[in-house]
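Shown next, in structure tokens, is the structure this report addresses.
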Ligand SMILES: Cc1cc2nc3c(=O)[nH]c(=O)nc-3n(C[C@H](O)[C@H](O)[C@H](O)COP(=O)(O)OP(=O)(O)OC[C@H]3O[C@@H](n4cnc5c(N)ncnc54)[C@H](O)[C@@H]3O)c2cc1C
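In our numbering, the protein residues as written are 95 to 510.
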């Protein structure tokens, strides 16, 4: 019999850890401070529309094998919408709409350079640079910017593809992002057509991702305590706002780093990166040709047609969202600037939005850094988001891997 294990934090990392434990027969209790599970991959209730809004639109890639495996076991894969093969719609003020869409009939390693060379403003130099990137790894500690300059990546390739991909996957610009981690993302994503295609959850993260995982965890026997904020850890006993729970052989921490530090009385403020989402509702549909479009040279990086993504085309109010990755604090003219970009993108006068809401997730992700692990303590496993150089950045896939690894470590040491 395995001794009981506590998991603190009911986001994707905590859910992945709890499910992995329960699948292997370990008794497990999951503590979540919020009334709902999901953390950053959760949704919140927007009263004026009655809708569940995600903390931010989330995209996944075909190479998220751990996340997809977990969802398959939970019976939740039907909630993902997939592109048939990689299609990256882009827009720039000087070139209008264009799309990176490698032909699925050639292996991706050939199809991608051909497709890139055909983008407006590109030529064989972009394809040759892509091939150099595929062959040469960044050196230890080399930033994305340095790596791209060393490999003489032409500026159109950096501007149209590499910078947006870096921002989208690492939530950090090329000037400071880690080259090794970006190379890992490119390698995994562009290894095949199947791995490169983009997907998203519908109808919302809460319903499409978290609900199936939570239901599966409960079926496996995980005790899930929501609204249960952990305030202290006392030798196998978990002290929460609702009382004491014990006794646990091992505790897995699956928290944002600031919450972990508060709990363990660590006096450090971890670096985080923000993401801003401007939600807009119009009383008529806008002419967006794709469910999402990457803006080149725009303040908004991604323009989402949320109803098209979530299959809700008949709503009386049409919902759009403009996302700024690695976003600086809001400036007074930001919303007007984003609306102007949306107007340019749709090439027609923009009606006044019926409703709008700017949501800035200040601590959206922890950047790739040389994080120092917490001083080791008996029976405490740290699965908190701490992406390190060369590894995956803070993504859903990384969260699932971290939860899985923590559970396996806990099991290896929890046999009484
Ligand atoms: C706006 C936004 C957009 C994103 N877009 C993408 C994307 O497109 N693709 C992608 O792959 N990734 C994306 N990410 C990243 C991804 O969401 C995160 O990396 C991942 O969700 C982290 O999961 P986690 O479980 O480690 O942390 P969290 O989701 O933060 O979970 C931690 C949980 O711990 C709980 N908690 C905190 N303190 C306590 C306490 N004392 N006691 C008990 N519980 C506590 C919190 O309430 C929370 O539920 C995005 C993130 C954001 C914010």
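Built from N, CA and C at the ideal position, the CB exists for glycine as well.
Check	Outcome
Residue nearest to residue 381 in terms of C-alpha spacing, selected from 372, 402, 371	402
Reduced DSSP secondary structure (H/G/I, E/B, other) of residue 241	helix
Cβ contact (3+ pairs, closer than 8 Å) linking the segment 443 to 453 and the segment 308 to 324	no
Endpoints, the alpha helix (DSSP H) within which residue 310 is located	305 to 313
Whole-number beta carbon distance between residue 347 and residue 136, since they are thought to touch under 8 Å	Actually they do not touch by this definition, with Cβ atoms about 19 Å apart.
Proximity test, residue 489 beta-carbon vs ligand 1 heavy atom, cut-off 6 Å	yes
Residue 274 Cβ short of 6 Å to ligand 2 heavy atom set	The model depicted lacks ligand 2 and carries ligand 1 instead.
Every unbroken alpha helix (DSSP H) within the segment 324 to 359, with a cutoff of 4 residues, ordered by chain	351 to 357
Residue 276: first and last residue of the uninterrupted alpha helix (DSSP H) it sits in	273 to 283
Buried versus exposed, by CB contacts within 10 Å (16 or more), residue 214	exposed
Close-in-space but distant-in-sequence residues of the same chain around residue 354 (CB under 6 Å, 5 per side omitted)	347, 478
Whole-angstrom distance between residue 486 and residue 273, CA atom to CA atom	11 Å
Which listed residue (121, 171, 257, 502) has its alpha carbon closest to that of residue 184	257
Inter-stretch contact (C-beta, 8 Å, three-pair minimum) for the segment 112 to 132 and the segment 425 to 438	no
Counterpart residues of residue 189 in DSSP-defined beta bridges	Paired residue(s): none; residue 189 is not in a bridge.
Which listed residue (336, 327, 351, 349) has its alpha carbon closest to that of residue 342	327
Cβ contact check for the segment 179 to 194 and the segment 219 to 236: 3 or more pairs under 8 Å	no
Coarse secondary structure for residue 457, derived from DSSP in three states	strand
Runs of beta strand (DSSP E) lying entirely within the segment 155 to 206, each at least 3 residues, in chain order	174 to 176, 182 to 186, 190 to 194
Segments of 4+ residues assigned as alpha helix (DSSP H) that fall wholly inside the segment 397 to 460	400 to 404, 428 to 440
Cβ neighbour criterion (16 or more within 10 Å) applied to residue 291	buried
Segment limits, alpha helix (DSSP H) that includes residue 128	Counting along the chain, residue 128 falls outside any alpha helix (DSSP H), and DSSP gives it neither H nor E.
Residue from 179, 338, 196 whose Cα sits closest to the Cα of residue 155	179
Buried versus exposed call for residue 425 [16 or more other C-beta atoms within 10 Å across all chains shown]	exposed
Best match in 427, 351, 265 for proximity to residue 360 [C-alpha to C-alpha]	351
Backbone CA spacing between residue 509 and residue 281 [nearest angstrom]	The predicted position of residue 509 is uncertain, since its pLDDT is 49 and thus under 50; no value can be drawn from it.
Same chain, Cβ closer than 8 Å to residue 306, five either side skipped, listed in chain order	165, 168, 169, 170, 173
Same chain only: Cβ atoms within 6 Å of residue 338, ignoring 5 sequence neighbours per side	331
Member of 277, 186, 367 whose CA lies at the smallest distance from the CA of residue 456	367
C-alpha distance - residue 316 paired with residue 249, whole-angstrom precision	51 Å
Closer than 6 Å: residue 349 CB and nearest ligand 1 heavy atom	yes
Sheet register partners of residue 145 (DSSP bridge)	140
Proximity test, residue 326 beta-carbon vs ligand 1 heavy atom, cut-off 6 Å	no
Distance cut-off 6 Å: residue 104 Cβ against heavy atoms of ligand 1	yes
CA nearest to the CA of residue 225, picked from 442, 277, 310	277
Residue of 379, 498, 411, 288 minimising C-alpha distance to residue 442	379
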